[in-house]
Structure formats: C-alpha cells, structure tokens
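Just so you know, we're using my numbering here: the sequence shown kicks off at 8 and counts up by one.
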Amino acid sequence: MIDRTLVIVKPDGVYRSLTGKIISSLEDTGLKMIASKMVRPSAELSGRHYAEDEKWLNDVGNKAIASYKEKGVNVTETPREIGMRIRQFLIDYFTSGPVVAMVFEGNEAVFVTRKVLGPTEPRKADPSTIRGRYSSDSYDLADRNKRAVKNLVHMSEDREIAEKEIALWFSKEEIVSFSRSDEEIMYK
Ligand code: ADP
Ligand code: MG
Numbered sequence: 008m009i010d011r012t013l014v015i016v017k018p019d020g021v022y023r024s025l026t027g028k029i030i031s032s033l034e035d036t037g038l039k040m041i042a043s044k045m046v047r048p049s050a051e052l053s054g055r056h057y058a059e060d061e062k063w064l065n066d067v068g069n070k071a072i073a074s075y076k077e078k079g080v081n082v083t084e085t086p087r088e089i090g091m092r093i094r095q096f097l098i099d100y101f102t103s104g105p106v107v108a109m110v111f112e113g114n115e116a117v118f119v120t121r122k123v124l125g126p127t128e129p130r131k132a133d134p135s136t137i138r139g140r141y142s143s144d145s146y147d148l149a150d151r152n153k154r155a156v157k158n159l160v161h162m163s164e165d166r167e168i169a170e171k172e173i174a175l176w177f178s179k180e181e182i183v184s185f186s187r188s189d190e191e192i193m194y195k
C-alpha cells in the first residue's frame with residue numbers, strides 16, 4: 008500500500024551535514040520526496056509536534072524504564088513523568104537549531120522509513136541504519152547531559168500519526184505530485 012510519512016532531520020543531523028545521506032538512504036529504497044523545507048522550529052510548533060499524547064508519554068517513559076532496569080538502576084518516577092521530562096528535552100532540542108522537514112511517499116513508506124533510519128537508541132541501532140551508522144548516542148549519555156537522545160532524525164510512528172504530522176508541518180500547496188521515472192519498473 009502506498010502511504011506517506013514525515014521525516015525531520017534534527018539539528019544534530021543538519022549540523023553534521025548528514026541531510027544528503029539521509030535523503031539518499033530513503034530515495035534509494037524507491038521512496039519519493041514530495042515536500043521539503045529547512046526551518047528553525049518555534050517552541051509552539053515543537054510543542055505541537057511532540058504533543059502531550061498519553062500513549063506516547065507512557066511508551067517513551069516505559070522504554071526509558073526498561074533501559075534503566077537493564078542497568079540495575081532504581082526508578083522512582085512514573086513512565087508519564089519520565090515522558091514529560093523527555094518531551095521538554097525534545098522541545099529544547101528541536102528549537103536549538105535548523106531542521107529539515109520532508110514528506111516521503113511510496114510503498115509502505117512509514118514502515119520502510121523506520122527500518123532504514125533505525126530504532127531510537129543509536130548505540131543499539133544496527134550499523135546498516137542511519138541512526139546506527141552515524142551515531143553512538145545512548146540513553147545513558149543523554150541522561151547524564153540532561154538532554155534528548157541525539158539520533159539525527161524524526162520519523163512518524165504509523166500512518167495515522169504520519170497524516171497528522173504532515174498536516175502540522177506542510178500546507179497542501181507545499182506537497183508536490185509527480186512520478187519518479189522508475190515507478191513503473193518498481194510498482195507495476
Ligand atoms: P523515535 O524517534 O524512534 O520514534 P520516540 O518517539 O520513542 O522515538 O521518542 C522520540 C524522541 O525522544 C527520540 O527520537 C529521542 O530523540 C528522544 N528520546 C526517547 N527516549 C529518550 C530517553 N529515554 N532519553 C532521552 N531522549 C529520549
Ligand atoms: Mg516516535
């Protein structure tokens with residue numbers, strides 16, 4: 008099924024000049040970039056992007072607790088409290104520099120993008136992914152420096168969230184319709 012996803016090169020990715028490699032890694036799979044812009048996000052936009060969604064706050068908190076437990080660290084905060092702390096770190100991270108926001112479209116765009124860019128913690132991400140190849144950052148280092156994990160990119164979690172995120176970052180006029188020259192070879 009053809010779907011669309013939002014990809015954002017975070018400030019560390021822009022500062023490290025990895026934007027081109029990130030775009031190529033997705034284009035190489037056959038995904039098509041149908042919108043792009045470089046912006047310095049406001050706190051308002053960043054806050055709306057990382058909305059106070061109960062499921063997300065708890066999921067992020069639970070992932071963090073699992074990694075603390077692996078290290079034998081005692082946790083007293085609730086998952087939601089940890090989620091809220093990380094959300095503020097993310098807003099600070101997003102507003103700290105330029106980002107490149109893009110929309111990619113293609114077969115299973117949400118799924119393929121998550122596979123190519125890799126899981127959240129670069130330390131554990133496979134070296135064949137963008138996060139695993141270009142970063143070694145860890146929950147531990149991020150915690151010690153009181154910041155979000157610098158994992159170079161944001162990408163939507165699922166199709167429904169993708170459509171909401173695309174609408175937040177792009178107007179309809181900013182999204183372009185065209186065919187890649189190899190679409191027929193790939194999809195027909
Ligand atoms: P993903 O970006 O892989 O979809 P999440 O949606 O779970 O990951 O989290 C959003 C972002 O929050 C991550 O990309 C990362 O920058 C940051 N983050 C997540 N968990 C932590 C954590 N335990 N400590 C610091 N930053 C975190
Ligand atoms: Mg996410």
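By construction, the Cβ of each residue, glycine as well, lies at the ideal position given by its N, Cα and C atoms.
If you're wondering where the values come from, they're calculated on a predicted model, not measured in any experiment.
- [ ] Could you tell me which residues DSSP puts in a beta bridge with D10?
- [x] G113
Open item on the list: Helix, strand or coil for A169? Go by DSSP, reduced to three states.
Closed with: helix
TODO: Would you kindly work out how many angstroms separate the C-alpha atoms of G37 and I93, rounded to a whole number?
DONE: 33 angstroms
Task: For I89, three-class secondary structure by DSSP - done: helix
- [ ] Taking all protein chains shown into account, decide if D144 is buried (16 or more other Cβ within 10 angstroms of its Cβ) or exposed.
- [x] buried
Open item on the list: Please tell me whether R138 and N158 are closer than 8 angstroms, where the distance is taken between their beta carbons.
Closed with: yes
- [ ] Kindly indicate the opening and closing residues of the beta strand (DSSP E) around V7.
- [x] The structure shown does not extend to residue 7, since the chain is modelled only from 8 through 195, so no value can be given for it.
- [ ] Keeping to the same chain, check which residues put their C-beta closer than 6 angstroms to that of P105; ignore five residues upstream and five downstream.
- [x] V21, M45, R47
Task: beta-carbon N65 near the ligand ADP non-hydrogen atom, thresh 7 angstroms - done: no
Open item on the list: Let's test the definition: count the other Cβ atoms within 10 Å of the Cβ of R11 and tell me whether it reaches 16, buried, or not, exposed.
Closed with: buried
Open item on the list: Are the CB atoms of H161 and K28 within a distance shorter than 8 angstroms?
Closed with: no
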